[in-house]
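Since the structure comes first, as structure tokens, the remarks are kept for the end.
Protein chains: 2
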Amino acid sequence: EQHTHKHTCTHTLHTFTHTHFLSSNRSTDMGSESEIPLSPAAERLRYILGEDDDLPTPTLFTEMDTLQHDGDDMEWKESARWVKFEEKVEEGGERWSKPHVSTLTLHSLFELRTCIQTGSVLLDLEGYSLPEIVDDIVDRQVADGLIGPELREKVSFVLLRKHRHQHKKPMHRSLADMGKSNNCPANHAQSRSMNDISDTPSTDQLKNKFMKKIPRDAEASNVLIGEVDFLDKPFVAFVRLAQATTLGGLTEVPVPTRFLFVLLGPHGKGKSYNEIGRAIATLMVDDLFSDVAYKARDRDDLIAGIDEFLDEVIVLPPGEWDPKIRIEPPKKVPSADMRKSVLNLNELGQVNGAVGGAGGGEDEEMPAPHELGEELQFTGRFCGGLWLDIKRKVPWILSDFSQGFHIQSISAVLFIYLGCITNAITFGGLLGDATDNYQGVMESFLGTALAGTVFCLLGGQPLIILSSTGPILIFEKLLYEFCKSNTIDYMELRLWIGLHSCLQCLILVATDASYIIKYITRFTEEGFSSLISFIFISDAIKKMYYPINRGFKPDYVTSYKCECIAPDQVRILHKSGLYGRYNITGLDWSQLSKKECVKYGGALLGNTCKYVPDLALMSFILFFGTYSMTVSLKKFKTSRYFPTMLRKLISDFSIFMSIMTFVGLDMLVGLDTPKLIVPTEFKPTRPDRGWLVMPFGKNPWWVYVASAVPALLVTILIFMDQQISAVIVNRKENKLKKGCGYHLDLFWVGILMAVCSFLGLPWYVAATVISIAHIDSLKMESESSAPGEQPQFLGVREQRLTGILVFVLNGVSIFLAPVLQYIPMPVLYGVFLYMGVASLAGIQFWERIKLYLMPAKHQPDFSFLRHVPLRRVHLFTLVQIICLAVLWILKSTVAAIIFPVMILGLMVVRKMMDLIFSQHDLAWLDDILPEKDKKKEKGGKKKKDNKKTKAAAETESDEEPPVSDWE
Amino acid sequence: EQHTHKHTCTHTLHTFTHTHFLSSNRSTDMGSESEIPLSPAAERLRYILGEDDDLPTPTLFTEMDTLQHDGDDMEWKESARWVKFEEKVEEGGERWSKPHVSTLTLHSLFELRTCIQTGSVLLDLEGYSLPEIVDDIVDRQVADGLIGPELREKVSFVLLRKHRHQHKKPMHRSLADMGKSNNCPANHAQSRSMNDISDTPSTDQLKNKFMKKIPRDAEASNVLIGEVDFLDKPFVAFVRLAQATTLGGLTEVPVPTRFLFVLLGPHGKGKSYNEIGRAIATLMVDDLFSDVAYKARDRDDLIAGIDEFLDEVIVLPPGEWDPKIRIEPPKKVPSADMRKSVLNLNELGQVNGAVGGAGGGEDEEMPAPHELGEELQFTGRFCGGLWLDIKRKVPWILSDFSQGFHIQSISAVLFIYLGCITNAITFGGLLGDATDNYQGVMESFLGTALAGTVFCLLGGQPLIILSSTGPILIFEKLLYEFCKSNTIDYMELRLWIGLHSCLQCLILVATDASYIIKYITRFTEEGFSSLISFIFISDAIKKMYYPINRGFKPDYVTSYKCECIAPDQVRILHKSGLYGRYNITGLDWSQLSKKECVKYGGALLGNTCKYVPDLALMSFILFFGTYSMTVSLKKFKTSRYFPTMLRKLISDFSIFMSIMTFVGLDMLVGLDTPKLIVPTEFKPTRPDRGWLVMPFGKNPWWVYVASAVPALLVTILIFMDQQISAVIVNRKENKLKKGCGYHLDLFWVGILMAVCSFLGLPWYVAATVISIAHIDSLKMESESSAPGEQPQFLGVREQRLTGILVFVLNGVSIFLAPVLQYIPMPVLYGVFLYMGVASLAGIQFWERIKLYLMPAKHQPDFSFLRHVPLRRVHLFTLVQIICLAVLWILKSTVAAIIFPVMILGLMVVRKMMDLIFSQHDLAWLDDILPEKDKKKEKGGKKKKDNKKTKAAAETESDEEPPVSDWE
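Residue numbers (the working numbering), protein chains in the order written: chain A, 298 to 1264; chain B, 298 to 1264.
This is the structure:
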């Protein structure tokens, strides 16, 4: 009998290779160039999978139970489970292993194939309880002569034993366990009745938290593997039920069972059976095979499914891999649709080779071209772009608010609010200095709140945060100096410039001029944002300078003092050099504080006057501490500690927590660090100006006209700053879904320009770094579903609520002064530093700079490195670095007002690089400029390119399965 | 004809499955329990591999070249190479990919099998040049009727085309490349002659730096893959040369070629051919198959080799893995010997199952027992252990010095020297306080130098660093107080205690008493070292306290002062509360410095007297900066930046570089931070004591006898401290090769005790933390050989030189004072902190504590977690934490002198844990205590256990191949 079985197996495997070989012929047969017919296996699959593709098959949850003997008692014990990846029960550890890729042996797959070929296959079995199903299986086996009828009882008995599942044991058992020295004793009396399995799900099953990891529509497949003493050859059955049925305590979770695989065999081969069980379980969770299993009409369809699976497996050489290593689930796996389409596309011949094997992707394919979408099409109609922008934005109005209600929004609002308010105070202070307080901190607050709220409420891209920027500050400074020296009224001139500029912006909007920004490629975009980040970082660091009393000798502490000297005395001292002490006036000068002393005209004399002890270092600690704590807490999301939810919360609120910590530290130490001081009264900074600027009366008429010239500069400045920031925000990587609104953005910036000019408030434009921070703080990730699956970046919470809240908060900050006054400025500059550094992350330019310091063998596997020689990459980076260095030097001089014009310069440099670099290299390192792209497409490869792009898009988004074009 | 070929292939694959199935039968045939004969494949391999196992086959370097067409010209271009792992040429990037595991498709392996079966196999071909060899191949093909004679010329022409190898292009080509927009043009005129290949290696070959990655004895195997237009079916040849021959420019490196695999075929199947080429190349570098290839007698042996390879492959399911991912080489792969032994052990049946498949290692095997080696055997002879120690150490005397000459030693010496000197100064200062300067910094320096040098020169384990330790300090303090209050002469009493203690130590040595430390398991050892590390860390942090002038208001800077008040004035002021200013004596009190003021009896008055501005924060920055810079630089070894050598250097000298940096910062800021001050004159700290202590005369006679009692305490203290530190140093993980010398160590510690007592120097004993730091700084790693292979930890540079140098430097530190005085103490405490934290790394106890904070699913895959339930692990850790907490509390009280006795307490607790935990759990979490171990072995499983331990040992060390027990 034993011999018969062996013979059967041999026969089956012969059949396998026959079909397998044909299938291997399909794509890679050596030497034939003619059209090759599909292998029988693939042919079968094409047929059954093509039947009704519209009805997706449910996800399968697979549980493998093995038979445990405890003396005479037997029970089924869960030993592994699969949602997508394998989780094994660690016997001794009484715990689940981490999800890992199921590494199988070729052996076990071949043996499984034999099992399916020789065992009983019962498809669409009608059965409402396990005993019924077991009866059917045994009947079939007896009928087929696979087991003798005398074993009927015994097999049924074994199959109806109780199932014990791996549940988390509560911690409080630890103490109860003390004293028991052997692990897991059978502490429940084993039932000896025929059927141990109840019909209804147990509370354990219902309470199982694992349920939430399984999709709602899931069905179960149960794999039962056991060694028994009454069989002398294996008992194999594969069952598909007509209806998925909850079979009592069979499955760990209350999921109805659809498939059942049973393998019982004689003692001594447990390991081998186990491997076969793992093989069928792995197959059952395979997207393609599970489809086959659902749709199979007979045994041969299942065999064809296994053959197709074997055809796709990846093989690791035994000498290069340790089979004991559990392979972590990869970040991404090929989608089932992709794999099915490969099945269909096989006629094209080459595909299989390209998919299989790591070395296969040698195609010199170009990356998908830079797509800016229809937003930047030149319509040619008056206000055509603006109209399209509005049409695009209107349908989202409701969701623009509803999507804002999420805990993440709170942290985003806090973060961006603190960024904005710091910015407003910094720029307010600087503007105040530059314009003799015509515009000061108060105006800065008010303007930020007004412009920001309007823009976030009505703008095209509400994720953009408006703010004062460096170039505008410099422009205002120069303008004020010009006015003062030519006795022109500053506020009136400024109003006219604003009006002209507003008009010019509106003209740009009406003529769809924003379309030119499609010439802004990654080169320009990354150059601009890096530069802005560097400026941000360097500003933050510059603010940290405080003098230190270097060379302080504790021994001479007695000689360190700072005294207030009366004014006349000062003169005497200067003359005589004598440090006497005569009180001339009635005032007791020595009792005055520093401020009073200066106020009354006294002079401060001594070696400690300009120093505040510990201030510099304390500021440094606050600054650097806030920065590094924020960085660490952000990273905490990927740490091993604490539950996922808590980690996510900590990561989201990292900035808030860091600020709180260091505000606390500052209060504890009690040093007089510089604090955030907001105005508390609602009135213009300069008492001699009102809230409204009148357009006429103070300047000669020609000034009203001539102001169009400086306005042009402001317009260019605003246009470039605004639109490049918008391009950066709208980057493909951010996966924005609501489209952009370049024209609408510019429209509102122009209008706000005029409004702010009338109110005498600063001008506002998109702030790159804060906008990036805004986006970053609103990123969404998928909740990981199957254990081991990586969470995917889904996109950004695109809504208007956070932006509006930020600016409303800015407006009411006047009332928040009692709270805000505890925040030390160094802490806020730490936040600035974090913003600057964080906005550099993920910039390819930055990655390429790092390559300079890495030996080639340590460089990360960037796709552009696979396709462009390193020296070309370095050259490209070098050009970028030189451009930035030039820009950096220019922006440190008065030339800073033409800064936006220099961005145009960057675009010219990029254009010239077409001469140095091949389009192939540029496609990998940057994007191809529009015309070039068109030319390319006109060239011969158009069709092929399209196909590839499509395939790439599918791999990335797998939204729509490709239409099957056969049959 | 095409059809014929196909048919042949089918036939071949039929044959394959036949043999394969038999081979699969071998270990896991279902249902048969009888002895199964080996499959023909395994039978063959056993035969050919068993022939002469004594002669190892050379390592193979495999290069794969593919045929490139450039118009009418053709050349062979290197496309991948294998030393152990695959490195691919990135076409566009013109660079080597990272080494990765060759992931193959099952397809390509089957097709390769067909190729070998149908193509020409020429074994032991005599040929001294490529043309000869090519002629032979073509002749054979023609003779076998595989190609027509008319193709002879064409095939030869193709096979003799030039080979272009992937060499690093120099960077200066970048500029020359500018303007060329298509990549790699054929810039050398293609030769049209019959033979493009020179006979001698080119300079390019000879200069290739890659040569050093290939073992000296290596031979090459060349794989040539090409598409040509004149063939209509594949041309396949596998050649083994009788002699490895350098075939001109065939191979990238000047390594003689032994194997040649040629696959030419019609156009259109390039991808498929490529995969076949990768398959044979992967097979050629497989340890087992390369043996087969060297020893194969005919085609069928090669086929058997492929079958055996297929039998061992690991399979990844297509739905769970993305074939595009390049798998990084694993840390460890199963050794070839292991795999060969599996081949032989197949008769035992179960082995294959245990090796194949990730889920296979379910064996509840115990970890290898804790082995302390023969060093701790109780000899029963007088001084037996000591004698063995000396015998063990003598053969190493020369290498103990010669192995010290290495650059790493310099960094180790600097590091440990700084640690020792800081320790000497700290303890010296504390001892001076405790004993009214009977022992001060000077004595501490001298004693450290003397004891350390002697111990490192003559001790059993020269890696141990002697130092003063906490318990001894407390003992001295109590002893001095006792002497003072009872008017007993301290130095003389101390001498007698030292002498008694020395005697007691010698008795312990003579009686082999150290053998009891085999009861010190991981539990005790890790508890002790954690505690010492915590003490180290807390001491370092405690030293960092400096007062900060909190609440300093810069506005009132005028009122901050510190004045010197004359003594009589002080009284007046106290009475009247009047802050007048009358000079009573002739001294100008206000001009005095702080020290002078105190000296003349003045009082310091004012609110800044006790503060030094910026000192506290500067110290903090120095302290924390040194620590974190050291940590970062240490980690730098695994960073991607800079070449390996430089990284290693930075990592080795991390402490030195951090110290230099922060000393520089300190000098730059110029604050009066506390500096390292060493004595500059060679004389006892207390002027009234000499360098020698006389044993008699000052105390009554009974004191000489009674001092034996406190001496007993000191002996226990020294014994425990010394031996536990030695156990920690001798840990198995450190892979020490020269054996330990517990008895010899104790002998010298005893002798030094007496010597130091005579000289009035402190007593010395092994310092755990510094000794661990010493070991860590001397760790060796293998230079990685094959690309992608991970460097292995080889052991520690065991030598006496570094230790001796450290202590000699300590001795001459008196002369180094001018340099050392620039080092601020906070920097040194930063080094202390680093030492403390670093010695915690790798302690399992610490890893287990972290588990408390991790949700189960994020916990690392520790082997003990696979075998022990989490709650038991937590309970075990909890017991350890409680023990340490108790010890910590005790050591903070006077009870600290019985600290070493408490270690005995730890051992008792461990003993009691036998009652709570099963031996199984303890074997995984700790080690089994000696008797238990014996009992266990007496139990039934003895034989099986041994076998498993042996197998495990082989996996780990693969030193000796197991003796083949068949035939």
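Heads up, the beta-carbon is just placed ideally off N, CA and C, and yes, glycines get one too. Remember, predicted model here, so these are calculated numbers, not experimental data.
| Asked | Found |
| --- | --- |
| When you compare the CB positions of glycine 616/B and valine 630/A, do they come within less than 8 angstroms of one another, or not? | yes |
| What is the rounded straight-line gap between the Cα of leucine 456/B and the Cα of alanine 1070/A? | 60 angstroms |
| Under 8 angstroms between C-beta atoms, does alanine 1153/B make it to chain A? | yes |
| Apart from the five residues just before and just after alanine 440/B, which ones in its own chain have a Cβ nearer than 8 angstroms to its Cβ? | none |
| In this structure, does DSSP put lysine 858/A in helix, strand or coil? | coil |
| Determine which residues share a DSSP beta bridge with leucine 401/B and list them. | Val612/A |
| Identify whether tryptophan 988/A lies in helix, strand or coil by the three-state DSSP scheme. | coil |
| What residues in its chain sit with their C-beta under 7 angstroms from that of glycine 716/B, if we drop five residues either side in the sequence? | Ile1067, Ala1070, Val1128 and Met1132 |
| In chain A, which residues lie less than 8 angstroms from aspartate 1073/B when you measure between Cβ atoms? | The premise fails here: aspartate 1073/B is roughly 24 angstroms from chain A at the closest Cβ pair, so nothing lies under 8 angstroms. |
| Which residues mark the beginning and the end of the beta strand (DSSP E) in which methionine 371/B is found? | 370 to 379 |
| Are the C-beta atoms of phenylalanine 527/A and some chain B residue less than 8 angstroms apart? | no |
| Could you tell me whether the Cβ atoms of lysine 815/A and leucine 728/A are closer together than 8 angstroms? | no |
| Who are the neighbours of isoleucine 600/A on chain B, taking C-beta pairs under 8 angstroms? | What isoleucine 600/A touches in chain B: nothing, since even the nearest Cβ is about 14 angstroms away. |
| Residues in its own chain within less than 7 angstroms of methionine 475/A by CB, not counting five upstream and five downstream? | Its pLDDT being 42, under 50, methionine 475/A is placed unreliably in this model, and the value from its coordinates should be taken loosely. Same-chain partners within the cutoff: there are none. |
| Between phenylalanine 507/A and chain B, is the shortest Cβ-Cβ distance under 8 angstroms, so that the two count as touching? | no |
| For valine 975/A, which residues from the same chain have a beta carbon less than 6 angstroms from its beta carbon, with the 5 sequence-adjacent residues on both sides left out? | Ser1110, Ala1114 and Leu1117 |
| Listed in chain order, which residues of the segment 438 to 464 of chain A have Cβ atoms closer than 9 angstroms to some Cβ of chain B? | none |
| With 16 other CB atoms within 10 Å as the buried threshold, where does phenylalanine 950/B fall? | buried |
| Could you give the uninterrupted runs of the alpha helix (DSSP H) lying entirely in the segment 419 to 465 of chain B, keeping only those of 4 residues or more? | 427 to 440 and 449 to 456 |
| Determine, using beta carbons only, whether glutamate 609/B comes closer than 8 angstroms to chain A. | yes |
| Below 6 angstroms CB to CB, which residues in the same chain sit around lysine 466/B once its five sequence neighbours on both sides are set aside? | A caution first: lysine 466/B carries a pLDDT of 47, below 50, which makes its placement in the model too unreliable to give a value. |
| Let me make sure I understand the geometry here. Which of Asp733/B, Ile577/B, Trp793/B and Ile624/B has the alpha-carbon closest to that of proline 997/B? | Trp793/B |
| Is there at least one Cβ from chain B nearer than 8 angstroms to methionine 1209/A's Cβ? | no |
| Can you tell me whether DSSP reads asparagine 846/B as helix, strand or coil? | coil |
| Taking one C-beta from the segment 933 to 940 of chain A and one from the segment 933 to 950 of chain B each time, how about it: are there three or more such pairs within less than 8 angstroms? | no |
| Quick one: what's alanine 534/B bridged to in DSSP? | Ser417/B and Val559/B |
| Nearest by alpha-carbon distance to aspartate 786/A: which of Leu406/A, Met1077/A, Tyr1001/A and Leu364/A is it? | Tyr1001/A |
| Report the neighbours of methionine 915/A on chain B: residues whose CB is nearer than 8 angstroms to its CB, in chain order. | Leu914 |
| Check each residue of the segment 811 to 825 of chain A: if its Cβ is closer than 7 angstroms to any Cβ of chain B, include it; give the result in chain order. | none |
| Looking at C-beta atoms only, is the number of pairs between the segment 1099 to 1110 of chain A and the segment 801 to 821 of chain A that lie closer than 8 angstroms three or more? | no |
| Nearest to alanine 338/B by CA position, among Thr543/B, Glu375/B, Ile956/B and Arg596/B, is which residue? | Arg596/B |
| Within 8 angstroms of any Cβ in chain A, is that where the Cβ of alanine 863/B sits? | no |
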